[in-house]
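Numbering (our numbering), first residue to last: 76 to 241.
Structure (structure tokens):
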């Protein structure tokens, strides 16, 4: 008896599924699907794109002072095995760093390097450095943890996809 009831139940359930019409979301044969959400989603994506074109990238405020255990000095060129998506360079507010920045400014711009400034005490010092390197992004950020993982003890230094060099 239970088998018969179960068989009838399965027959009823399966027959309702077999008669249900599928809802076509996309038809690549050129037929309009009239799926109501599709047009709405497309319009939302278009609106987002137009909004994104007007967004100005935000920059984090610098906090001072930024002190570091790194010291000004000579950096021997070495290879590293870390994955670097964007080259970065580390400088301070000292004569060697400023000379290095001015001498390497064109190359740093060409490779799209991000500048990290250490041992800087004020916004005036940051403005002084930024005036010497227009077009380069300079941020005052504590970097000791990252520098130690790369084995860096001195600056100015450039870290690109393969090398650590001055």
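Glycine residues also receive a C-beta, built at the ideal position from the N, C-alpha and C atoms.
- With respect to the C-alpha of residue 225, the residue from 141, 140, 148 and 159 having the closest C-alpha is 159.
- In the three-state DSSP reduction, residue 189 falls in the strand class (E or B).
- In the DSSP secondary-structure assignment, residue 164 is bridged to 190 and 233.
- Residue pairing from DSSP leaves residue 159 without any beta-bridge partner.
- Across the structure, residue 187 and residue 197 are spaced so that their CA atoms are roughly 25 Å apart.
- In this structure, residue 219 lies away from residue 172, with their beta-carbon atoms at least 8 Å apart.
- The DSSP-derived three-state label of residue 238 is strand.
- Looking from the CA of residue 147, the closest CA among 183, 223 and 168 belongs to 168.
- Of the candidates 222, 78, 228 and 230, 222 places its Cα closest to the Cα of residue 157.
- Distances from the CA of residue 149 to each of 141, 210, 140 and 175 were compared; the closest alpha carbon is that of 175.
- In the three-state reduction of the DSSP assignment, residue 141 falls in the strand class.
- Ranking 154, 165 and 239 by CA distance to the CA of residue 141 puts 165 first.
- Its chain contains 208 as the residues whose beta carbon lies nearer than 6 Å to that of residue 180, once the 5 sequence neighbours on both sides are disregarded; these appear in chain order.
- Residue pairing by DSSP puts residue 154 in a beta bridge opposite 238.
- In the three-state DSSP reduction, residue 208 falls in the coil class, being neither helix nor strand.
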